[in-house]
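Here's the structure we're looking at; comments come further down.
Residue numbers (the working numbering): 32 to 185.
See below:
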């Protein structure tokens with residue numbers, strides 16, 4: 032885990048891979064819970080019988096936004112910002128979904144710091160996060176994430 036106490040510390044990480052997460056299994060229960068939470072019940076995600084007949088691998092696939100929503104779980108332990116008052120997701124610059132995530136797959140995250148800058152009294156950290164599916168050459172998703180880290184006042 033990388034430790035950051037200032038914008039200067041964060042700038043030293045530019046271009047560095049800051050972490051590779053453990054694998055998370057994407058099971059049908061997780062996919063179904065996401066479908067419930069988002070009201071996205073498209074059959075390719077939730078109808079295992081139809082998927083067995085009509086999908087290329089005979090399996091349902093995870094929602095693209097489910098893979099995207101897992102980024103905080105994958106990257107939570109990559110960088111520790113000390114003296115932190117609060118952190119917020121500031122958004123995304125770019126997201127691309129390159130490969131499906133079939134049910135039962137193992138997924139992990141890998142992150143590289145692209146930018147670190149002072150903004151509105153905080154550290155704005157821009158990172159590229161790749162979500163990799165075990166055994167697949169293409170990543171499931173590549174997202175450029177923006178996080179704002181506000182330090183405690185002295």
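Backbone N, C-alpha and C define an ideal beta-carbon position, used for all residues, glycine too.
In this text, all values refer to a predicted model and were calculated from it rather than measured experimentally.
{"Query": "Is the CB-CB distance between residue 65 and residue 100 below 9 Å?", "Result": "yes"}
{"Query": "Evaluate the contact criterion for the region 144 to 153 versus the region 40 to 49: three or more CB pairs, one atom per stretch, below 8 Å.", "Result": "yes"}
{"Query": "Hey, which unbroken runs of the alpha helix (DSSP H) at 4 residues or more fall wholly within the region 90 to 177?", "Result": "95 to 100, 102 to 106"}
{"Query": "Taking residue 31 as the reference, which of 63, 139, 158 has the closest Cα?", "Result": "Residue 31 lies beyond the range of the chain shown here (32 to 185); nothing can be said about it."}
{"Query": "If we ignore side chains and look at the alpha-carbon of each, how far apart do residue 37 and residue 131 end up?", "Result": "38 Å"}
{"Query": "Can you tell me where the beta strand (DSSP E) holding residue 34 begins and where it ends?", "Result": "33 to 35"}
{"Query": "Do three or more CB pairs link the region 113 to 121 to the region 159 to 174 at distances below 8 Å?", "Result": "no"}
{"Query": "So, at 6 Å on beta carbons, what are the nonlocal neighbours of residue 133 in its own chain, with the 5 sequence-adjacent residues on each side left out?", "Result": "88, 90, 92"}
{"Query": "Classify residue 51 as buried or exposed, calling it buried when 16 or more other Cβ atoms lie within 10 Å of its own Cβ.", "Result": "exposed"}
{"Query": "Checking the sheet assignment: what are the DSSP bridge partners for residue 50?", "Result": "142"}
{"Query": "Assign residue 72 to buried or exposed, taking buried as 16 or more other Cβ atoms, counted over all protein chains shown, within 10 Å of its Cβ.", "Result": "exposed"}
{"Query": "Are there 16 or more other CB atoms within 10 angstroms of the CB of residue 81, so buried, or fewer, so exposed?", "Result": "exposed"}
{"Query": "Got a sec? Which residues, its chain only, sit under 8 Å from residue 121 by beta carbon, not counting five neighbours each side?", "Result": "155, 177, 178, 179"}
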